[in-house]
Amino acid sequence: MIEVKELKKSFGALEVLKGVTFGVDKGEVVVVLGPSGSGKSTVLRCLNLLEDYEGGEIRIDGAVIGYRTNANGQRVACHEAEKAKLREQVGMVFQSFNLFPHRTALDNVMMGPLRVRGAARKEARTLALELLGKVGLADKADEYPIRLSGGQQQRVAIARSLAMQPKVMLFDEVTSALDPELVGEVLRVIRQLAQEGMTMVIVTHEIPFARDVSDRVLFVDGGVIVEQGPPSKVIADPSSDRLKLFLRRYQGDYLVA
Amino acid sequence: MDYAAQTAILLKGLFPKLLEGFTVTLRVGLVSMALALVLSVLLLGPRLSKNRLIRLPTEAYIELMRNTPLLLQIYMIYFGLPLLGFFPSEFVCGVVGIALQHAAFLVEILRGGIESISQRQWEAARAIGMRRLAAVRYVILPQTFLRVLGPLGNQLIIIVKDTSLVSAIGVMELTMVGKVSIERSAVSIEIFAAIAVFYLVLTSVLGGALRIAERHTAARF
Amino acid sequence: MLNTLLANLPYLLKGAVVTLWLSLIVVTFGTLLGVIVGLCANVGGRLVQALVTTYVFVLRGIPVLVVMLLGYYAFPALGFRANAYLAVGVAQVIYIGAFVAEIVRSAVLSVPAGQIAAAKSLGMLRIGILRHVVLPQAARIAVPPLLNNSLTAIKQTSYVSVVGAWELTYAAREIVERTLAAFQIFLGVMAIYFLICYPLSLLARWCEKRLLVAH
Numbered sequence: 150m151i152e153v154k155e156l157k158k159s160f161g162a163l164e165v166l167k168g169v170t171f172g173v174d175k176g177e178v179v180v181v182l183g184p185s186g187s188g189k190s191t192v193l194r195c196l197n198l199l200e201d202y203e204g205g206e207i208r209i210d211g212a213v214i215g216y217r218t219n220a221n222g223q224r225v226a227c228h229e230a231e232k233a234k235l236r237e238q239v240g241m242v243f244q245s246f247n248l249f250p251h252r253t254a255l256d257n258v259m260m261g262p263l264r265v266r267g268a269a270r271k272e273a274r275t276l277a278l279e280l281l282g283k284v285g286l287a288d289k290a291d292e293y294p295i296r297l298s299g300g301q302q303q304r305v306a307i308a309r310s311l312a313m314q315p316k317v318m319l320f321d322e323v324t325s326a327l328d329p330e331l332v333g334e335v336l337r338v339i340r341q342l343a344q345e346g347m348t349m350v351i352v353t354h355e356i357p358f359a360r361d362v363s364d365r366v367l368f369v370d371g372g373v374i375v376e377q378g379p380p381s382k383v384i385a386d387p388s389s390d391r392l393k394l395f396l397r398r399y400q401g402d403y404l405v406a
Numbered sequence: 028m029d030y031a032a033q034t035a036i037l038l039k040g041l042f043p044k045l046l047e048g049f050t051v052t053l054r055v056g057l058v059s060m061a062l063a064l065v066l067s068v069l070l071l072g073p074r075l076s077k078n079r080l081i082r083l084p085t086e087a088y089i090e091l092m093r094n095t096p097l098l099l100q101i102y103m104i105y106f107g108l109p110l111l112g113f114f115p116s117e118f119v120c121g122v123v124g125i126a127l128q129h130a131a132f133l134v135e136i137l138r139g140g141i142e143s144i145s146q147r148q149w150e151a152a153r154a155i156g157m158r159r160l161a162a163v164r165y166v167i168l169p170q171t172f173l174r175v176l177g178p179l180g181n182q183l184i185i186i187v188k189d190t191s192l193v194s195a196i197g198v199m200e201l202t203m204v205g206k207v208s209i210e211r212s213a214v215s216i217e218i219f220a221a222i223a224v225f226y227l228v229l230t231s232v233l234g235g236a237l238r239i240a241e242r243h244t245a246a247r248f
Numbered sequence: 002m003l004n005t006l007l008a009n010l011p012y013l014l015k016g017a018v019v020t021l022w023l024s025l026i027v028v029t030f031g032t033l034l035g036v037i038v039g040l041c042a043n044v045g046g047r048l049v050q051a052l053v054t055t056y057v058f059v060l061r062g063i064p065v066l067v068v069m070l071l072g073y074y075a076f077p078a079l080g081f082r083a084n085a086y087l088a089v090g091v092a093q094v095i096y097i098g099a100f101v102a103e104i105v106r107s108a109v110l111s112v113p114a115g116q117i118a119a120a121k122s123l124g125m126l127r128i129g130i131l132r133h134v135v136l137p138q139a140a141r142i143a144v145p146p147l148l149n150n151s152l153t154a155i156k157q158t159s160y161v162s163v164v165g166a167w168e169l170t171y172a173a174r175e176i177v178e179r180t181l182a183a184f185q186i187f188l189g190v191m192a193i194y195f196l197i198c199y200p201l202s203l204l205a206r207w208c209e210k211r212l213l214v215a216h
């Protein structure tokens, strides 16, 4: 479903992605691990075109996203309108939740169907209530984000993305900003989605969770994929030294840099 | 008859006229406010544009309005438009003058609000497939207004006070009623004191409403 | 195209001088009055505070034009013979004073409480704290709004023309009513006001930036 070939991305003079290649099948859950600055978030943000990419290509369902080739064979960036259309299919949940503070939880979830899809209010409302129920927050529908805990806000954010009924869901370190006791409720929702067959690409630091939920793990460091494979191999028995070093931290050696 | 009784009778007689003037003040105020707000939202885009050709004239306009008195602008419209063949009423001249001046201040207030909104809100809106216009309309602009409710409301109250200036071109609002009535009676301070009370009531009510609105929306942020 | 404007420029410039004088006097005395009243509110008891609050509330709730008209008719009504300038000048000073008082009062209040606590724990007395810790910081906070307020005051001197006192705007209107060259004259006068006000505007913004950084 998703094919990434030799993805290259620079921020000014800094080359963050130096040729990333991987694929994601329908229904697969891929976890991306890596130290900070490795480019893992950037990969995600290229997948839903929040960032443009300079080199390589990304295909979703066979079609190249983000660019068109014009008559002269040159690459031309897509208009914002086309990118927006793509984002209806590729949902993203952020580390800082980014709920709309001026609307209730229910309004937040309804925002996509109502204002992007143009659905009727009643229909949008029903769908929104259903999704809030699915993430366990039906009773908080009329609360404003400021009154919700971090974990609750993040679950509303997930419901908001799901309301667009995307083909793929991207999760960008969605538990990193949460207090530890709130992490579980969010991971539970993500796991449920995985079990229901949603195609997902997850950037996370939660190693046990990654081992449990993912079909495949990618380890990104210095802008390239250093190792990839099933979790049983990559996490339990890493081949590369860099990955071994990275994982040591999660195995109790908290002084690892 | 003693002073108090005399004054009371006089003011009672004047009251209908004062009330009429008050309604005109309200009308001028409301229309000016609405026009100024609409103008300010329309100017917000150009003000923030990265294109210098669009942004600089807007900035120049704002600077001009900030550094010249409202009275002059009202005069210019009132005396100038007939020269161009337009003959709008005094009401229209006054309203347009006030709106043009205050739109400039409102744009700056809105700009402050919009710049304080995190980039992440834009990202969240785009992430669910919103285009620029939808994001601005449903996510950015509502938050902007809610954030600058205080300064915005204060500016609107200033607009209400500035309506008194249109008396200079003959609009029969509250202050004008006072000026006209002076000629007919010996009591002058009392009339303007009464007028002052009218304004005070108006601005107090508006100020109170503003504070209630602020408290209400603070609950969301 | 600018004939009428140029022909009447001397007359207008005389008006500009009057405007400048008026502005200077009003801003100086108004600010002085406001600072005194504002500080009284900060150090005074409940009664003083109530009086100041009322003063500020009333003056800020009515248009400056009405205050000027009150002043204009107050003098003769009370038996004094005063010229128009004195009357509207006093009215404006009282008006500006209210705004300055509020600026000063809230500037003093917005000095962080921690500053006062720190000063106290060094053994400073109330007067000393006021003089060395609170006022310097309050002054810093108050300068940008005071500058903006002065800007407003200068623009407001144009309103005295409505009451009948002669200054730049009055002169402009006279000329336009006579020559009908509305755009020329009014745009020219706007330019004059702009020249007077813009530097102050820039100063206010520069101060805002400088003083924000220090905090």
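Chains as they are written, first to last, in the numbering used here: chain A, 150 to 406; chain B, 28 to 248; chain C, 2 to 216.
From the three backbone atoms N, C-alpha and C, an ideal C-beta is built for every residue, glycine too.
Apart from the five residues on each side of it in sequence, which residues of its chain come closer than 8 angstroms, Cβ to Cβ, to Gly176 of chain A? Taken in chain order, the residues that qualify are Gly346, Met347 and Thr348.
Where the alpha helix (DSSP H) containing Gln138 of chain C begins and where it ends: Element bounds for Gln138 of chain C: Leu136 to Gln157.
Counting C-beta neighbours from all protein chains within 10 Å, is the total for Tyr160 of chain C 16 or more, i.e. buried, or is it exposed? That one is buried.
Go ahead and pull the three-state DSSP assignment for Arg247 of chain B. Residue state, collapsed to three classes: coil.
Given a cut-off of 8 angstroms on the beta-carbon distance, is the pair Ile136 of chain B and Gln182 of chain B in contact? Result yes, Cβ atoms of Ile136 of chain B and Gln182 of chain B sit closer than 8 angstroms.
What's the gap between the Cα of His228 of chain A and the Cα of Leu276 of chain A? CA-CA distance, His228 of chain A to Leu276 of chain A, rounds to 30 angstroms.
Measure from the C-beta of Leu193 of chain A to each C-beta in chain B and report whether the shortest distance is under 8 angstroms. Closer than 8 angstroms: no.
Using 8 angstroms as the threshold, is the C-beta distance between Val105 of chain C and Ala51 of chain C below it? With a cutoff of 8 angstroms on beta-carbon distance, Val105 of chain C and Ala51 of chain C are scored as not near each other.
Which same chain residues, not among the five before or five after Ala220 of chain B, have their C-beta less than 6 angstroms away from its C-beta? Taking Ala220 of chain B as the centre and dropping the five residues before and after it, the same chain places no C-beta closer than 6 angstroms to its C-beta.
Just to confirm my understanding: we take Val89 of chain C, look at its own chain, exclude 5 residues before and 5 after, and list those with CB closer than 8 angstroms. What are they? Sequence-distant partners of Val89 of chain C (beyond 5 residues in either direction) whose C-beta falls short of 8 angstroms from its own C-beta, in its chain, are Met69, Gly72, Tyr73, Val161, Val164 and Ala166.
For a test of the three-state rule: what should DSSP assign to Ile184 of chain B, helix, strand or coil? In this structure, Ile184 of chain B counts as helix in the three-state DSSP scheme.
When burial is assigned at 16 or more other CB atoms within 10 Å of the CB, is Thr230 of chain B buried or exposed? By the 10 Å Cβ count, Thr230 of chain B comes out buried.
Opening and closing residue of the beta strand (DSSP E) in which Asp321 of chain A lies: From DSSP, the beta strand (DSSP E) with Asp321 of chain A extends over Val317 to Asp321.
Per DSSP, Leu57 of chain B is paired with what? As far as DSSP is concerned, Leu57 of chain B takes part in no beta bridge.
So Gln344 of chain A and Leu327 of chain A are supposed to be a Cβ contact under 8 angstroms. How far apart are they, rounded? Not quite, the Cβ-Cβ distance comes to about 22 angstroms (not below 8 angstroms), so this is no contact.
Compare the C-beta of Phe106 of chain B against all C-beta atoms of chain C and say whether one is closer than 8 angstroms. By this cut-off, Phe106 of chain B is an interface position.
Is the Cβ-Cβ distance between Thr259 of chain B and Glu217 of chain B less than 8 angstroms? Absent from the model: residue 259 of chain B. The displayed extent of chain B is 28 to 248, so no value can be given.
Any C-beta of chain A sitting closer than 8 angstroms to the C-beta of Met139 of chain B? The sequence given here places Gly at residue 139 of chain B; Met does not occur at that position. No, Gly139 of chain B lies away from the interface with chain A (no Cβ there is under 8 angstroms from its Cβ).
Does Val373 of chain A come within less than 8 angstroms of chain B when only Cβ atoms are used? It does not; no Cβ of chain B falls within 8 angstroms.
Residue interval of the alpha helix (DSSP H) (run including Val335 of chain A): If you look at Val335 of chain A, you'll find it in the alpha helix (DSSP H) that goes Pro329 to Gln344.
What number of angstroms, rounded off, separates the C-alpha of Phe76 of chain C from the C-alpha of Arg82 of chain C? Their Cα atoms are separated by approximately 6 angstroms.
Flag this pair as yes or no: are the beta carbons of Ala226 of chain A and Asp210 of chain A separated by less than 8 angstroms? No, the Cβ-Cβ distance between Ala226 of chain A and Asp210 of chain A is not below 8 angstroms.
Along chain C, which residues have their Cβ under 7 angstroms away from the Cβ of Cys93 of chain B? First, the residue type needs correcting, since residue 93 of chain B is Arg and not Cys in the sequence shown. Neighbours of Arg93 of chain B across chain C, judged by C-beta separation under 7 angstroms: Ser202.
Let me check understanding here. Comparing Cα to Cα, which of A:Leu396, A:Pro379 and A:Gly261 lies closest to Pro315 of chain A? For the residues A:Leu396, A:Pro379 and A:Gly261, the minimum Cα distance to Pro315 of chain A belongs to A:Gly261.
Neighbour flag for Arg158 of chain B against chain A, beta carbons, 8 angstroms: Answer yes: the Cβ-Cβ gap between Arg158 of chain B and chain A drops below 8 angstroms somewhere.
Going by DSSP, what residues sit across from Ala226 of chain A in a beta bridge? A:Tyr216.
Please return the same chain residues whose Cβ sits closer than 8 angstroms to the Cβ of Ile186 of chain B, not counting the five positions on each side in sequence. Only Gly56, Ser59, Met60, Ala63, Ile125 and His129 meet the Cβ criterion.
Below 8 angstroms, can you find three or more Cβ-Cβ pairs linking the segment 91 to 102 of chain C to the segment 24 to 41 of chain C? The segment 91 to 102 of chain C, when compared against the segment 24 to 41 of chain C, does touch it at the 8 angstroms Cβ threshold.
State yes or no: is the beta carbon of Ile222 of chain B nearer than 8 angstroms to at least one beta carbon in chain C? It does: the Cβ of Ile222 of chain B has a partner Cβ on chain C nearer than 8 angstroms.
Ala102 of chain C versus chain B: which residues are under 9 angstroms apart at the beta carbon? Per Cβ cutoff of 9 angstroms: no residues; Ala102 of chain C is ~17 angstroms from chain B at best.
Using a Cβ-Cβ cutoff of less than 6 angstroms, which residues in the same chain neighbour Val134 of chain C once the five nearest sequence positions on both sides are dropped? Cβ within range, chain order: Gln116 and Ala120.
Ordered list of alpha helix (DSSP H) runs contained in the segment 246 to 271 of chain A, each at least 4 residues: Runs found: 254 to 261.
Using only CA atoms, which one of A:Ile307, A:Glu355 and A:Val165 lies nearest to Val180 of chain A? Its Cα nearest to that of Val180 of chain A, the residue A:Glu355 stands out among A:Ile307, A:Glu355 and A:Val165.
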